Amino acid sequence: MKVFLAEDDANISTIAKMALEQLGGHQVTHIDNGEKALEKLIAEGHTYDVILLDEMMPGLNGLAVCEQYTQQVAEVRPVIFLSAKSQASDVKQFEEHGRGYIPKPFDPTQLCQQIENILSSKKNRSAS
Amino acid sequence: MISLIQTRLKILFCLALCASLSLGYVSYSGWNKYTSMHESLNLTYSIEETVTSLKVNKYDKHLYKELKSTRALLEPKHRADALSDVIQAYADKSPWLLKKRVKHFLKNELEYRRYARNMMAYWQNRVIYFAALAAGSLLTVFLLMVLYIRYSIFNPLKDLARKMTDFLNNKYSYQFSVPDPNEVGQLHATFNALAQQVLSNMDELTTLDRAKSEFLNIASHELRTPLTSIKGSLSLLQSGVAGDVNDSSKNLMNIAETETDRLIRLINDVLDLAKIEAGRLPLEKEWVSLESLVNETITSLQGLATTASVRLEASKLPHLEIDVDSDRIKQVLTNLISNAIKFSPEKGVVNISADIDAHGSLRLNVHDQGRGIAPEDIERIFEKFSQATGPNNPLVKGTGLGLAIARAIVTEHEGHIGVESTIGKGSQFYFTLAHWRIPGQNANSGNIKTTQGAVA
Numbered sequence: 050m051k052v053f054l055a056e057d058d059a060n061i062s063t064i065a066k067m068a069l070e071q072l073g074g075h076q077v078t079h080i081d082n083g084e085k086a087l088e089k090l091i092a093e094g095h096t097y098d099v100i101l102l103d104e105m106m107p108g109l110n111g112l113a114v115c116e117q118y119t120q121q122v123a124e125v126r127p128v129i130f131l132s133a134k135s136q137a138s139d140v141k142q143f144e145e146h147g148r149g150y151i152p153k154p155f156d157p158t159q160l161c162q163q164i165e166n167i168l169s170s171k172k173n174r175s176a177s
Numbered sequence: 069m070i071s072l073i074q075t076r077l078k079i080l081f082c083l084a085l086c087a088s089l090s091l092g093y094v095s096y097s098g099w100n101k102y103t104s105m106h107e108s109l110n111l112t113y114s115i116e117e118t119v120t121s122l123k124v125n126k127y128d129k130h131l132y133k134e135l136k137s138t139r140a141l142l143e144p145k146h147r148a149d150a151l152s153d154v155i156q157a158y159a160d161k162s163p164w165l166l167k168k169r170v171k172h173f174l175k176n177e178l179e180y181r182r183y184a185r186n187m188m189a190y191w192q193n194r195v196i197y198f199a200a201l202a203a204g205s206l207l208t209v210f211l212l213m214v215l216y217i218r219y220s221i222f223n224p225l226k227d228l229a230r231k232m233t234d235f236l237n238n239k240y241s242y243q244f245s246v247p248d249p250n251e252v253g254q255l256h257a258t259f260n261a262l263a264q265q266v267l268s269n270m271d272e273l274t275t276l277d278r279a280k281s282e283f284l285n286i287a288s289h290e291l292r293t294p295l296t297s298i299k300g301s302l303s304l305l306q307s308g309v310a311g312d313v314n315d316s317s318k319n320l321m322n323i324a325e326t327e328t329d330r331l332i333r334l335i336n337d338v339l340d341l342a343k344i345e346a347g348r349l350p351l352e353k354e355w356v357s358l359e360s361l362v363n364e365t366i367t368s369l370q371g372l373a374t375t376a377s378v379r380l381e382a383s384k385l386p387h388l389e390i391d392v393d394s395d396r397i398k399q400v401l402t403n404l405i406s407n408a409i410k411f412s413p414e415k416g417v418v419n420i421s422a423d424i425d426a427h428g429s430l431r432l433n434v435h436d437q438g439r440g441i442a443p444e445d446i447e448r449i450f451e452k453f454s455q456a457t458g459p460n461n462p463l464v465k466g467t468g469l470g471l472a473i474a475r476a477i478v479t480e481h482e483g484h485i486g487v488e489s490t491i492g493k494g495s496q497f498y499f500t501l502a503h504w505r506i507p508g509q510n511a512n513s514g515n516i517k518t519t520q521g522a523v524a
C-alpha cells in the first residue's frame, strides 16, 4: 500500500514511518508541513492508497489541507486524520471531512490495523 | 421630565389641600349658622304657645320666671323688647294691656319667622355649595396623590424591576440612567453599582474562561505529542523492529510503557474533568436501552475481571430506556465496575443491578465483596486525586480522578452518585438517573406507581 503522511513532528513521523514500513511493509511518503502536503496531493494524490494528515500543523492544518484537496481534485483518495483532539465536535469534523481519525497517542504496532479498520468500516458503511 | 411632573404635582397637591380645607371650614361654619337659625325658629313656636297661653292663665310665678329666662335667649333686640313688654303687662296683671302686647309680640315673631326661614334657605344653599366644592378639591387631592405615588414611586420601581429582570435574563446591554434623588432613586443607584460590579466581574470571568479554554486546547496537544513519541518508541523497540531486545531490557521497557499509559490516562482524565467542569463537554443525550448499555459495559470489562479472577454478574435488569449520553454513562459505569473489580478478593463477585428509588429516579448499583470503605473515607473518595489505598493490588493503578469524573458526569445528568459501605462486607456504589421510560411509552418517571409495578 502506498501511504502519504503529513506530520510536522519529526519524532512522531519517524515512528509512524517505521511502523508502516517495517511492521506493515507499506511504502510511505512523508511531508512535514501543510502547504507542501497540499501541493503534493494536488499533483500526485491519486497515486496513494491512503492519506494520513496530522490535524495540527503550522500554516495549513490537516482539515484545511483535506478541504482544499477534495475541492481541487476529481479523484479523491481516502483521508485519515491523526489528532490529539478527542472532543465529539472534533471527531464529527474528522468523519465529515475524511474517513475517520486515529487519536494520539497511538500505538505504532496497532497503526496498520487501525488504518485497515477505518478503511474497511467505511467500505462496509457505503456498501450498506 | 418625570421630576418636573413631580414638582408640579407637589405644588398642585398643596394648593388643592389648602383649598379643600378652607372650603370645608366655610361649609362647616355655614352649617352651624343654619342649625342655630333652626333652633331659634323652634324657639319662636314654643314661645308663641307660652305667650298665647298667658291670655287665659292667672299670674304664675314659675311662668313669669320662665318667660324672663326665655327673654334672655331672644334676639335681635326688638324681639326681646317685645317680650319684655309682654312680661311687664303680665306682671301688672292688666288683661287689656297684655292682650295688646301679646298681639304685638306675635306679629313681631311672625315677621322674625319669615326672616329666619329665608336665612335658613340661604345658609342651606351655601353649605351645599361649599361642601360640594370641598369634596371636589378633596377628590382632586386624592387623584393628585395617586398620580404622585404613581410617578414618583410605582413607575420608578417598575422601571427598576424591569431593569433587574433584563439583567437576570443576561441582557447585558444594560443602560445606566441617572436616578432621582429620593429613596427609590437610592435603590436604583445601589442596583446600578451592583450591576456595574457584576459586569466588570463578568468581563474578568470571560477573559479567564477564554484563557482556560485556550490552555485546555494547548495542553491537549502539547502533552499528547511528546507522549505519542515516547509510547511509539517504546512500542516499536519492544516489537523488535529496531533489533533484538534482551529480557531485562524488555522488562524495563514494560515498566516504562505501563507508566506512559498511566500518564496518558491521567492526562485524559485531567482534561476530561476540566472540560466537564468548564461545561465544554456538551452531553449528546438520546434514549437508549438500559440493558444493552449495562451489558456492553460488562462485556468490555470482562477481560479485566478474568485477569483479576472476579465474576461479573448483572441482576435481572428492568426493560427500560434512559435518556443519557451513553458514552459518558458507560464511562461512569466502567469506572465503578473497574474499581469494584480492583478491590474485590479473588473469586469475588461484582453485581450490577438497577431499581427505582423513593424519588422515582432509576438507580444503578455496583456491589462488590471488597473490604469496604471506612466512614471517614467515604466523604473524600469523590474528591480529585483521592484514592482509597488498596492492598498489594496487582492491577492497573488509577489516576485518582475516576470518581470525580463520574460524579461530574452524573451531576450533568441531573443525578446523584454515592456509596454505601460496611467495613469487611463490601461496598455498593450507586448513581441515579432522573429521565427514564418504559419502551414505547412517552411517559417519563411521571407515574411512579404504575411504572414500578411494570418494572417489578
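Listed in order, the protein sequences are those of chains A and B.
Following our numbering, the numbering of the first sequence begins with 50 at its first residue and continues without gaps.
Following our numbering, the numbering of the second sequence begins with 69 at its first residue and continues without gaps.
Every residue, glycine too, gets a C-beta built ideally from N, C-alpha and C.
These figures come from a predicted structure and were not determined experimentally.
Apart from the 5 residues on each side of it in sequence, Gln370 (chain B) sits with its Cβ closer than 7 Å to the Cβ of Leu380 in its chain, given in chain order. Just measuring C-alpha positions, the residue of B:Gln437, B:Ser489, B:Glu327, B:Ala474 sitting nearest Asp445 (chain B) is B:Ser489. Only residues of its own chain outside the window of five on either side were considered, and among them Val434, Ala474, Phe497 have a CB closer than 7 Å to the CB of Leu404 (chain B), listed in chain order. With 16 or more other CB atoms across the displayed protein chains lying within 10 angstroms of its CB, Val378 (chain B) is buried.
Pairing Met67 (chain A) with Ile335 (chain B), the inter-Cα distance amounts to about 26 Å. Under the DSSP assignment, Glu389 (chain B) falls in the beta strand (DSSP E) whose first and last residues are 389-392. Your pair Lys51 (chain A) and Thr96 (chain A) checks out as a contact, with CB atoms roughly 6 Å apart and the cut at 8 Å.
The Cβ atoms of Leu90 (chain A) and Phe53 (chain A) lie closer than 8 Å to each other. Cα atoms of Thr402 (chain B) and Ile366 (chain B): separation of roughly 8 Å, rounded to the nearest angstrom. Around the beta carbon of Arg147 (chain B), 16 or more other beta carbons sit within 10 angstroms, so the residue counts as buried.
Phe130 (chain A) sits in a strand when the DSSP states are folded into three classes. A residue is called buried once 16 or more other Cβ atoms fall within 10 Å of its Cβ, and Val99 (chain A) is buried on that count. Ile129 (chain A) is positioned such that its CB atom lies no closer than 8 Å to that of Ile80 (chain A). The DSSP-derived three-state label of Glu179 (chain B) is helix. Contact annotation for Arg292 (chain B) against chain A: Ala133, Lys153, Pro154 [CB-CB distance below 7 Å, chain order].
Cα atoms of Leu87 (chain A) and Glu325 (chain B): separation of roughly 35 Å, rounded to the nearest angstrom. Per DSSP, reduced to three states, the secondary structure at Thr233 (chain B) is helical.
Those residues of the region 61-79 of chain A placed with their C-beta closer than 9 Å to a C-beta in chain B are Ile61, Thr63, Ile64, Ala65, Met67, Ala68, Gln71, Leu72, ordered along the chain.
Note: Leu54 (chain A) is bridge-paired with A:His79, A:Leu101 in the DSSP secondary-structure output. With fewer than 16 other Cβ atoms from the protein chains shown falling within 10 Å of its own Cβ, Ser138 (chain A) counts as exposed. In the DSSP assignment, Glu482 (chain B) falls outside any alpha helix (DSSP H), carrying neither H nor E. About 5 Å separates the CB atoms of Arg333 (chain B) and Thr467 (chain B); that is less than 8 Å, so the two are in contact. Residue pairing by DSSP puts Asp423 (chain B) in a beta bridge opposite B:Arg431.
Sequence-distant partners of Met105 (chain B) (beyond 5 residues in either direction) whose C-beta falls short of 6 Å from its own C-beta, in its chain, are Ala184, Met187, Met188. For Ser281 (chain B), none of the residues of chain A pass the 9 Å Cβ criterion, the least Cβ distance being about 11 Å. For Ile323 (chain B), the number of other beta carbons within 10 angstroms of its own is below 16, and it is reported as exposed. When secondary structure is reduced to three states using DSSP, Leu295 (chain B) falls in the helix class. Pairing Arg169 (chain B) with Leu131 (chain B), the inter-Cα distance amounts to about 17 Å. Identification of residues in the region 301-325 of chain B having a C-beta nearer than 9 Å to some C-beta of chain A yields Ser301, Ser303, Leu304, Gln306, Ser307, Val309, Ala310, given in sequence order. Counting only the Cα atoms, Ile424 (chain B) lies some 9 Å from Leu432 (chain B). Closest in C-alpha terms to Lys353 (chain B), from the list B:His387, B:Asp395, B:Tyr190, B:Leu339, comes B:Asp395. Residues of chain B whose Cβ lies closer than 7 Å to the Cβ of Pro157 (chain A) are, in chain order, Gly300, Ser303, Leu304. The beta carbon of Asp81 (chain A) sits no closer than 8 Å to any beta carbon of chain B.
Only those residues of the region 87-120 of chain A whose C-beta falls short of 8 Å from the nearest C-beta of chain B are listed: Met105. Beta-bridge partners of Glu354 (chain B) (DSSP): B:Val392. Contacts between Thr296 (chain B) and chain A, judged by CB atoms closer than 7 Å, involve Ile61, Lys153, Pro154, Phe155 in chain order.
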